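Participant: Residue numbers (this note's numbering): 1 to 602.
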Amino acid sequence: MHWTNCAAAVVIATALAMMTPTAGGQATAMKPAEQMSQTAGANERNWWKNAVIYEIYPRSFQDSNGDGIGDLNGITKRLDYLKALGVDAIWLTPIYPSPQVDFGYDISDYRNIDPRYGTLQDFNRLVAEAGKRHIRVIMDMVMNHTSDQHQWFLESRSSRTNPYRDWYVWRDGKGETATSKGEPPNNWESLFGHSAWQWDPKTRQYYYHKFYIQQPDLNWNNPKVHQAFKDIISFWLERGVAGFRFDAITTLYEDPTFTDERVILGKDGKPLRNAYGDPELDNSKTDNLPGVHDVIHEMRETIDKFNTSAFPGTRVMIGETYLPNIAQLAKMYGTPAAPEFELPMDTQVAFINKLDVAAFRARLTDVETRIGDHVPLLLFDNHDNPRMVTRYGDGVHDLDIQRALATVLFASRGTAMFYYGDEIGMVTTPPKRKQDVKDPIGITGWPKEKGRDGERTPMQWNASADAGFTTASAKPWLPVPPSAATINVAAEQNNPDSLLTWYSELIRLKKTNPAFEHGSNIMLDTENDKVLSWMRQAPGARQVVVSVNFTAQPQTVNLAAGGPGLKPARLTTLLKTPGGADATSLDRIALGPFGVYIGELQ
Ligand code: NOJ
1 MHWTNCAAAV
11 VIATALAMMT
21 PTAGGQATAM
31 KPAEQMSQTA
41 GANERNWWKN
51 AVIYEIYPRS
61 FQDSNGDGIG
71 DLNGITKRLD
81 YLKALGVDAI
91 WLTPIYPSPQ
101 VDFGYDISDY
111 RNIDPRYGTL
121 QDFNRLVAEA
131 GKRHIRVIMD
141 MVMNHTSDQH
151 QWFLESRSSR
161 TNPYRDWYVW
171 RDGKGETATS
181 KGEPPNNWES
191 LFGHSAWQWD
201 PKTRQYYYHK
211 FYIQQPDLNW
221 NNPKVHQAFK
231 DIISFWLERG
241 VAGFRFDAIT
251 TLYEDPTFTD
261 ERVILGKDGK
271 PLRNAYGDPE
281 LDNSKTDNLP
291 GVHDVIHEMR
301 ETIDKFNTSA
311 FPGTRVMIGE
321 TYLPNIAQLA
331 KMYGTPAAPE
341 FELPMDTQVA
351 FINKLDVAAF
361 RARLTDVETR
371 IGDHVPLLLF
381 DNHDNPRMVT
391 RYGDGVHDLD
401 IQRALATVLF
411 ASRGTAMFYY
421 GDEIGMVTTP
431 PKRKQDVKDP
441 IGITGWPKEK
451 GRDGERTPMQ
461 WNASADAGFT
471 TASAKPWLPV
481 PPSAATINVA
491 AEQNNPDSLL
501 TWYSELIRLK
511 KTNPAFEHGS
521 NIMLDTENDK
531 VLSWMRQAPG
541 ARQVVVSVNF
551 TAQPQTVNLA
561 AGGPGLKPAR
571 LTTLLKTPGG
581 ADATSLDRIA
591 LGPFGVYIGE
601 LQ
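1. Between which residues of its own chain and residue 549 is the CB-CB distance below 8 Å, once the five residues before and five after are set aside?
2. Using a Cβ-based criterion (distance less than 6 Å to any ligand heavy atom), does residue 247 qualify as near the ligand NOJ?
3. Drop a sphere of 10 angstroms on the beta-carbon of residue 227, count the other beta-carbons inside from all chains shown, and report buried for 16 or more, exposed for fewer.
4. Mind checking which residues open and close the beta strand (DSSP E) that includes residue 414?
5. Here's a check: name, in chain order, each residue in its chain whose Cβ is nearer than 7 Å to the Cβ of residue 119, leaving out the five neighbours to either side.
6. Quick one: is the Cβ of residue 102 within less than 6 Å of any heavy atom of the ligand NOJ?
7. Residue 200 lies in the beta strand (DSSP E); which residues open and close that run?
8. Residue range of the alpha helix (DSSP H) that residue 449 falls in?
9. Please report the distance separating the alpha-carbon of residue 149 from that of residue 224.
10. Where residue 301 and residue 231 are concerned, what is the direct C-alpha to C-alpha distance, given to the nearest angstrom?
11. State the start and end residues of the unbroken beta strand (DSSP E) segment that holds residue 596.
12. Counting C-beta neighbours from all protein chains within 10 Å, is the total for residue 25 16 or more, i.e. buried, or is it exposed?
13. Let me know if residue 602 comes out buried or exposed under the rule of 16 or more other beta-carbons within 10 Å of its beta-carbon.
14. Which one of 586, 467, 558 and 402 has the shortest CA to CA distance from residue 497?
15. Just checking residue 105 against the ligand NOJ - is the residue's beta carbon closer than 6 Å to any of the ligand's heavy atoms?
16. Nearest CA to the CA of residue 371: which residue from 399, 341 and 396?
17. Thinking C-alpha only, which one of 266, 368, 305 and 297 is nearest residue 335?
18. Among the residues of its own chain, which have a CB less than 8 Å from the CB of residue 23, if the five just before and after it don't count?
19. Return helix, strand or coil for residue 518, following the three-state DSSP convention.
20. Should residue 180 go down as buried or exposed, given a rule of 16 or more other Cβ atoms within 10 Å for buried?
21. Under the DSSP definition of a beta bridge, which residues are partnered with residue 317?
22. According to DSSP, simplified to helix, strand and coil, what is residue 26?
23. Mapping the DSSP letters down to three states, classify residue 305 as helix, strand or coil.
24. Is residue 211 near the ligand NOJ, with its Cβ less than 6 Å from a heavy atom?
25. Measure the alpha-carbon distance for residue 198 versus residue 445 and round it to whole angstroms.
26. Pull up the CB-CB distance for residue 474 and residue 74, whole angstroms please, since I reckon it's below 8 Å.
27. Classify residue 299 as helix, strand or coil using the three-state DSSP reduction.
28. Find the nearest neighbour of residue 501 within the set 575, 434 and 435, judged by alpha-carbon distance.
29. By DSSP's criteria, residue 174 is part of a beta bridge. Which residues make up the other side?
30. Based on the DSSP output, what are the partners of residue 589 in its beta bridges?
31. Let's see if you can read the secondary structure: which residues bound the alpha helix (DSSP H) around residue 460?
32. Assign residue 132 to one of three DSSP states: helix, strand, or coil.
33. Any heavy atom of the ligand NOJ closer than 6 Å to the CB of residue 384?
34. By DSSP, does residue 140 sit in helix, in strand, or in coil?
35. Quick one: using the 10 Å Cβ neighbour count with 16 as the cut-off for buried, is residue 416 buried or exposed?
36. Does the stretch 274-284 come within contact of the stretch 163-183, defined as at least 3 CB pairs closer than 8 Å?
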């Protein structure tokens, strides 16, 4: 699938892990929030500005209890791996109790942990153990909808006069009679196929769902919904989380006229059809309506209350912001008077889906020059899209292409986010038969849309039959791909030419080289349509140049003509792809197919 648009008292069960010695030598219990901030050092406030964030799909990362489903204790077990990689924060896709129709994005209780993943005690231990390693934990916050099994919805659907009725979006059908439900209120569609309206026979109205039928949309015109989420957010902040990734944030509001959306026509004058066979709509009445900005700001105010001396360290807001252009993305940062996200995701760069130098240069320049002083959040992958190697690979130079893209990710200014398994080169492995599909959209859309199982397969830790994901006797919830035999952590860990080593090296540079840490991004050699080159420059730091060959042919670039402020000086290699040549001056940087050169000007 391509989504281009689209109680302060913490239960301290693991007391030992969370004790800290006082001056007198006795141990006192700490709240996870305090522990996180104390271990994180002086740069705590700005930690997110040049950070490396690792997305974990908990079902698929590490199973610790042999049921074939990943869990929190499994993640805790792998923290040392993440630490060694240089990860600053992990974002966990939803781990709350859920019927798992949308694998956690259908939440039935926002204040607990799904028993498949563990307990609140396990969660506290994860936060504490992560904190010891200076790794922060970011939760997913789903505010657009709940599960249809959430108590709020069960109440809401029970009668038209129930106090929770207006927590959701209910409308009469068109042409309804005593014996017929009529037609849905308008032509709006679910992103997961077919009408966005579901008839509810008990109270004889339709409810709106932008996603699955089992995910009714909340009514954000109701102030009680706002308050409920402020309380939920506070609940988790008190447990020491370092922030939230806000799911489906652009779809919170619906146009109050509830009139039809425009059908998009093809060149032949007929409606374009999506993978489910439905007409494509312009989404103008259900996506990115102005009210979302007020909600983001409101949540930011709630979170900022925790960014005080009592809870030092910045908690951040990440946005799932699929937006059509940089101007819309810029708005997601808010204004000085009404700040919004610190880190709205830049899906402009992520989903170019073609190794087109000009497009990369233009979009990276956009995010460098058109979001004010804010920090870009770059990424290529997540749990909703085919993996980057599948979208950008050519089947011949896949490893080199992944090195090239990782360089764009980590050597550009900003915060970098990547998805578990990208660092070893995991490939998308979709189900071969409809009966094997787990993600419901893969059933509705088969065979055009095979769902998202392919990018959610178990993490490949080693070459064993279960890839080290689960115990030998358990059946993983999704099959381990055959590629695990060669693409796995154990095979790559001590190999200097592996993708995993390349990721570690790039992250090390990002964290230790002053130009990479704070420097601005200035594009060089801007007429070149084969090689993307840029400079990182920070006051008082040595300039660094980066060249990435976007072609399968060797290329040589001459950066001596410079760019604004580039000094003609001797070059020292910081990093180059295996087999690549060292360069000593800017006028001759030789690159192999999809090769990368990073050098510092002396
Ligand atoms: C975006 C999430 O990333 C996706 O996995 C989910 O299905 C939808 N939002 C609905 O919550």
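Note that CB positions come from ideal geometry on N, CA and C, so glycine has one too.
The structure displayed is predicted, hence computed values, not measured ones.
Facilitator: So, from the listed chains and residues:
1. 404, 530, 531, 555, 591, 592, 593, 594, 595 and 596.
2. yes
3. exposed
4. Neither: residue 414 is in no beta strand (DSSP E) and is coded neither H nor E.
5. 113
6. yes
7. 197-200
8. From DSSP, residue 449 is part of no alpha helix (DSSP H); its letter is neither H nor E.
9. Here the alpha carbon of residue 149 sits roughly 19 Å from the alpha carbon of residue 224.
10. 12 Å
11. 596-601 is the extent of the beta strand (DSSP E) around residue 596.
12. Reliability of the predicted coordinates at residue 25 is poor, the pLDDT of 31 falling under 50, and the value obtained from them is presented with this limitation in mind. By the 10 Å Cβ count, residue 25 comes out exposed.
13. exposed
14. 402
15. Because some heavy atom of the ligand NOJ lies under 6 Å away, the Cβ of residue 105 counts as near it: yes.
16. 341
17. 297
18. Model confidence at residue 23 stands at a pLDDT of 32, short of 50, so the residue's coordinates are unreliable and nothing is read from them.
19. Reduced to three states, the DSSP call for residue 518 is helix.
20. exposed
21. 244
22. Note that residue 26 scores a pLDDT of 32, beneath 50, so its modelled location is shaky; the value from the coordinates is reported in the next line. Residue 26 falls in the coil class under three-state DSSP.
23. coil
24. Taken from the Cβ of residue 211, at least one heavy atom of the ligand NOJ lies inside 6 Å.
25. 19 Å
26. With 8 Å as the limit, residue 474 and residue 74 do not qualify as a contact, their Cβ atoms being about 12 Å apart.
27. helix
28. Between residue 501 and the set 575, 434 and 435, the nearest pair of CA atoms involves 575.
29. 183
30. 557
31. It is not in any alpha helix (DSSP H) - residue 460 carries neither H nor E in the DSSP assignment.
32. helix
33. yes
34. Looking at residue 140 - three-state DSSP - the assignment turns out to be strand.
35. buried
36. no
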